[in-house]
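*Asks:*
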Amino acid sequence: MPVPPVAAQTAALKDLVPTGWLIGAALNQRQSDGVDAAAVDLVTRQFNSITPENLLKFESVQRQPGTFTFDAQDRYVAFGATRGMTVIGHTLVWHSQTPAWVWEDAGGGLADRATMLERMQTHIATVVGRYKGRIRGWDVVNEALNDDGTLRDSPWRRGIGDDYIARAFEFAKQADPNAELYYNDFNLATRPAKRAGAIRIVRALQQRGLRIDAVGEQGHWRLDSPTTTEIDQTITELRATGVKLMITELDVNLLPPAARLAPGESPSPASNPFVNGLPDDVQQALAARYADAFGVFLKHRDDITRVTFWGVSDADSWLNRGRVNHPLLWDRQRQPKLAFDAVAKVLSETSTSSR
Ligand code: XIL
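Numbering (our numbering), first residue to last: 1291 to 1645.
Right, here's the structure in full:
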């Protein structure tokens, strides 16, 4: 027997997931531009879906009114297309990473409902329309809820009213009738009241006869929170509305909560304990955490359609922010961590038995 090349010896997540599942990663621009060759190679081998970490946010696409930027965005979509991957769009309507002009009138006050709706529709029609048939599904509305389940006081809501969510889904459907449409948010597992709010959003859309295909729980988690019971319950409750479930931005934050660093400020040693690497016990705890989470996902394998990591390697993660975090399956050298082996193991033990 010839010895297989090194790359072939490493298990690929996309070959291990249950049939029909998407397994993805968020790509930064260096990756979707092909500049970060090591990450490109890893993504190509491991994943069958991609999400743009920032490129399709409002501020990246339409920073100035009516001026759309699509160069890097087109390369992102082509990256997925040439590799036969399922390409995801993130995100159309959000309170963050959206330029202020979107919500302002000429005097700097809040724009009126008609103006804001027109801007929303133009943006959605242009962006979704451009990638019609090529982007499989969109996070139409992102993070519309407070932790207590009430609607967030987003400028979109202040200008348009509570039905801004419904209108966004309507515009997206008009722009690409075949695209899947998602509602995406965080803390749905840790906050039952917020989860109930997400269920109300889904039901309200359904009652209006609007299309919603899935709810995304972002999955920005910690080692001990949410519990597997909470994850399990979340999937069951959301699924009862009839939509599918996606884990859209999975990572496990290993650092203690700390205030955001000011520019130039250094983190205290206590807030940044893993500068010199992850101790074995934490490495193992992370592996167990990921294995447990995937165990729950696999229990619901017919209800979950996609799991996407928010980044490729620890070096790429948004959770570093001036500190040294280790939230993903690949380390800074792009080597698979124990957590990768743990996920691969749980996938190969569980999902193959059902194929
Ligand atoms: C984050 C990106 O990872 C960062 O690069 C950026 O500076 C801020 O946004 N929820 C979302 C994502 O829906 O879009 C966010 O991504 C992380 C939280």
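Every residue, glycine too, gets a C-beta built ideally from N, C-alpha and C.
As the structure is a prediction and not an experimental result, all values here were calculated from the model.
1. For Thr1359 and Gln1573, I'd like the C-alpha separation in whole angstroms.
2. Note down the Cα distance separating Ala1583 from Glu1520, rounded to an integer number of angstroms.
3. Anyone know if the C-beta pair for Val1602 and Val1333 falls short of 7 angstroms?
4. Got a sec, what are the start and stop residues for the alpha helix (DSSP H) Pro1482 sits in?
5. Among Leu1551, His1590, Val1614 and Ala1549, which one has its Cα closest to the Cα of Pro1563?
6. Within the structure, which residues are defined as neighbours of the ligand XIL by a Cβ-heavy atom distance below 6 angstroms, reported in chain order?
7. Can you tell me which of Asp1453, Thr1341, Arg1457 and Leu1441 puts its alpha carbon nearest to the alpha carbon of Ala1483?
8. Go through its chain and collect everything with a Cβ distance to Tyr1472's Cβ below 8 angstroms, but skip five positions before and after it.
9. Quick check on the burial criterion: 16 or more other C-beta atoms within 10 angstroms. Buried or exposed for Lys1671?
10. Rounded to whole angstroms, what is the Cα-Cα separation between Thr1480 and Pro1559?
11. Taking the alpha helix (DSSP H) that Thr1526 belongs to, which residues open and close that run?
12. Pick out whichever of Arg1320, Ala1530 and Arg1420 has its Cα sitting closest to the Cα of Pro1342.
13. For Asp1361, name the three-state secondary structure that DSSP assigns.
14. Taking only the alpha-carbon atoms, compute the straight-line gap between Trp1511 and Leu1540 and give it to the nearest angstrom.
15. What residues match up with Ser1339 in a beta bridge as DSSP calls it?
16. Hey, how far is the Cα of Arg1579 from the Cα of Gly1487?
17. In chain order, what residues of the same chain have a beta carbon less than 6 angstroms from the beta carbon of Phe1369, not counting five sequence neighbours either side?
18. Considering only the alpha carbon of each residue, which of Pro1355, Arg1365 and Lys1304 lies closest to His1395?
19. Would DSSP call Glu1394 helix, strand or coil?
20. Taking buried to mean at least 16 other C-beta atoms within 10 Å of its own C-beta, is Lys1422 buried or exposed?
21. Figure out for me which residue from Trp1608, Leu1618, Glu1555 and Asp1364 has the closest Cα to the Cα of Leu1568.
22. Tell me, please, which residues DSSP counts as bridged to Tyr1473.
23. Out of Val1377, Arg1448 and Asp1592, state which residue places its alpha-carbon closest to the alpha-carbon of Arg1403.
24. My guess is that Ala1316 and Thr1598 are in contact by the Cβ rule of under 8 angstroms, so how many angstroms apart are they, rounded?
25. Given this structure, state the Cα-to-Cα distance separating Phe1337 from Ile1313, to the nearest angstrom.
26. Name the one or two DSSP bridge partners that Arg1596 has.
27. Quick check: the Cα distance between Trp1446 and Met1406, rounded to an integer number of angstroms?
28. Hey, Glu1349 and Thr1388: beta-carbon distance below 7 angstroms or not?
29. Using CA coordinates, which residue listed in Leu1306, Trp1393 and Ala1577 is at the minimum distance from Trp1620?
30. In whole angstroms, what is the alpha-carbon distance linking Asp1326 and Asp1606?
31. Count the other C-beta atoms from every protein chain shown that fall within 10 angstroms of the C-beta of Val1633, then say buried if there are 16 or more, exposed otherwise.
32. Rank Gly1499, Ile1450 and Asn1477 by C-alpha distance to the C-alpha of Glu1460 and give the top, closest one.
33. In three-state DSSP terms, what is Pro1626?
34. What's the C-alpha gap between Lys1635 and Arg1409?
35. In or out: Val1293 buried (at least 16 other Cβ within 10 Å) or exposed?
36. Suppose the cutoff is 6 angstroms on Cβ atoms and the five residues either side in sequence are ignored; what does the same chain contact list for Ala1530 look like?
*Replies:* In short:
1. Cα to Cα, Thr1359 sits roughly 41 angstroms from Gln1573.
2. Rounded to the nearest angstrom, the gap between the Cα atoms of Ala1583 and Glu1520 is 11 angstroms.
3. Contact flag set, yes.
4. Pro1482 to Gln1497 is the span of the alpha helix (DSSP H), which, as asked, contains Pro1482.
5. The option with the nearest alpha carbon to Pro1563 is Val1614.
6. What you get when you keep residues with a C-beta closer than 6 angstroms to any heavy atom of the ligand XIL is Glu1343, Asn1344, Asn1432, Gln1508, Glu1539 and Trp1608.
7. Comparing Cα positions, the closest option is Leu1441.
8. Setting aside the 5 residues that flank it on each side, Tyr1472 is surrounded in the same chain by Gly1427, Trp1428, Asp1429, Val1430, Ile1502, Asp1503, Ala1504, Val1505, Gly1506, Met1536 and Thr1538, each with a C-beta closer than 8 angstroms to its C-beta; the list follows chain order.
9. What is shown of the chain runs 1291 to 1645, which leaves residue 1671 out entirely.
10. In a straight line, the C-alpha of Thr1480 is about 28 angstroms away from that of Pro1559.
11. Thr1526 -> alpha helix (DSSP H) spans Thr1518 to Arg1529.
12. For Pro1342, the nearest C-alpha among the options comes from Arg1320.
13. Helix at Asp1361.
14. Rounded to whole angstroms, Trp1511 to Leu1540 spans 7 angstroms at the Cα level.
15. Gly1314 and Thr1376, per the DSSP bridge assignment.
16. Arg1579 and Gly1487: Cα-Cα distance of roughly 27 angstroms.
17. Cβ-Cβ distances below 6 angstroms link Phe1369 to Ser1322 in the same chain, with the five nearest sequence neighbours on each side left out; the list follows chain order.
18. According to the sequence shown, residue 1395 is Asp rather than His. The residue with the shortest Cα to Cα distance from Asp1395 is Pro1355.
19. The answer is strand: DSSP assigns Glu1394 an E or B state.
20. Under this definition Lys1422 is an exposed residue.
21. Of the listed residues, the one whose Cα sits closest to Leu1568 is Leu1618.
22. Per the DSSP secondary-structure output, Tyr1473 pairs in a beta bridge with Val1431 and Val1505.
23. Of Val1377, Arg1448 and Asp1592, the residue nearest in Cα terms is Arg1448.
24. In this structure Ala1316 touches Thr1598 by the C-beta definition: roughly 7 angstroms separates them, less than 8 angstroms.
25. Spanning the two alpha carbons is a distance of roughly 6 angstroms.
26. DSSP, once it has assigned bridges, lists Leu1312 and Met1536 as partnering Arg1596.
27. CA-to-CA, the gap between Trp1446 and Met1406 works out to about 8 angstroms.
28. In this structure, Glu1349 places its C-beta atom within 7 angstroms of the C-beta atom of Thr1388.
29. In this structure, Ala1577 is the residue among Leu1306, Trp1393 and Ala1577 with its C-alpha nearest to the C-alpha of Trp1620.
30. Per the coordinates, the alpha-carbon of Asp1326 lies some 11 angstroms from the alpha-carbon of Asp1606.
31. The residue in question, Val1633, is buried, as its Cβ has 16 or more Cβ neighbours within 10 Å.
32. Distance check between Glu1460 and each of Gly1499, Ile1450 and Asn1477 places Gly1499 closest, using alpha-carbon atoms only.
33. Strand, per DSSP.
34. Each residue's Cα considered, the two are about 48 angstroms apart.
35. Note that Val1293 scores a pLDDT of 48, beneath 50, so its modelled location is shaky and nothing firm can be said.
36. Excluding the 5 residues flanking it on each side, Ala1530 has no same chain C-beta neighbour closer than 6 angstroms.
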